[in-house]
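For reference, the structure is listed below as structure tokens.
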Amino acid sequence: MIDEILKYNKEFVEEKKYEQYKTSKYPDKKIAIITCMDTRLTELLPAALGIRNGDVKIIKNAGGVVSHAFGSVVRSVLVGIFELGIEEVMVIGHTDCGVQHINSDMMIKHMMDRGVDEEKIELIRHCGIDFDTWLEGFDCVESSVKDSVEMLRKHPLIPKDVKISGYVMDSVTGEIHVVEP
Ligand SMILES: [Zn+2]
Numbered sequence: 025m026i027d028e029i030l031k032y033n034k035e036f037v038e039e040k041k042y043e044q045y046k047t048s049k050y051p052d053k054k055i056a057i058i059t060c061m062d063t064r065l066t067e068l069l070p071a072a073l074g075i076r077n078g079d080v081k082i083i084k085n086a087g088g089v090v091s092h093a094f095g096s097v098v099r100s101v102l103v104g105i106f107e108l109g110i111e112e113v114m115v116i117g118h119t120d121c122g123v124q125h126i127n128s129d130m131m132i133k134h135m136m137d138r139g140v141d142e143e144k145i146e147l148i149r150h151c152g153i154d155f156d157t158w159l160e161g162f163d164c165v166e167s168s169v170k171d172s173v174e175m176l177r178k179h180p181l182i183p184k185d186v187k188i189s190g191y192v193m194d195s196v197t198g199e200i201h202v203v204e205p
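Under my numbering, think of the first position of the sequence shown as 25, with each following residue one higher.
And the structure:
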């Protein structure tokens, strides 16, 4: 699968297909979007919001959640604000998210099914990693978006003049509705 991608990449560069994407590292719209890595959103989300290459910073993870005040998502948001001119942050969850209803017990079982050593899992737990908090999904996408927005709004390192808002996107039509204005 990756071989095909690498082959395509050679052609892409040779045929100068990159020319239509030329832009700078500074976002034209001064917006950062935190959203899910769901493959249905790869093209749908930018298309549905009228976003073009160079417009916004998109930060993705499983679920589009800000789960840790000092984790990689907040780090990316801070870089965006202080180094790249971000003035507004949108948290965009989506319908039928794969992270909905997952739970840590099930994922740990899947790990063991794939040959991950149970002793190692227990050792990690013993070292203070709370699997329930770390791996848990969410039941309600609206609540998840609200929690992420709240985490950013209360964050001590994010200036109060940065506008933070939350939305849920329909994974089929791309329609968004406001959860946290
Ligand atoms: Zn998702």
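Glycine residues also receive a C-beta, built at the ideal position from the N, C-alpha and C atoms.
Taking all protein chains shown into account, Leu30 has fewer than 16 neighbouring C-beta atoms within 10 Å of its C-beta and is therefore exposed.
Closer than 7 Å to some heavy atom of ligand 1: that does not describe the Cβ of Cys164. With fewer than 16 other CB atoms across the displayed protein chains lying within 10 angstroms of its CB, His201 is exposed. Taking C-beta separations shorter than 7 Å and ignoring five residues to either side along the sequence, the partners of Met175 in its chain run Val90 and Ala93, following chain order. One residue after another in chain order, those with a Cβ under 6 Å from a heavy atom of ligand 1 are Cys60, Asp62, Gly87, His118, Cys121, Gly122 and Val123.
The stretch 45–58 makes no contact with the stretch 131–139: fewer than 3 CB pairs, one atom from each, lie closer than 8 Å. For Ile26, the enclosing alpha helix (DSSP H) stretches over residues Ile26 to Glu38. Distances from the alpha-carbon of Val196 to those of Cys121, Phe36 and Lys84 put Cys121 closest.
Rounded to whole angstroms, the gap between the alpha carbons of His179 and Ile26 is 39 Å.
Under the DSSP assignment, Glu146 falls in the alpha helix (DSSP H) whose first and last residues are Glu142 to His150.
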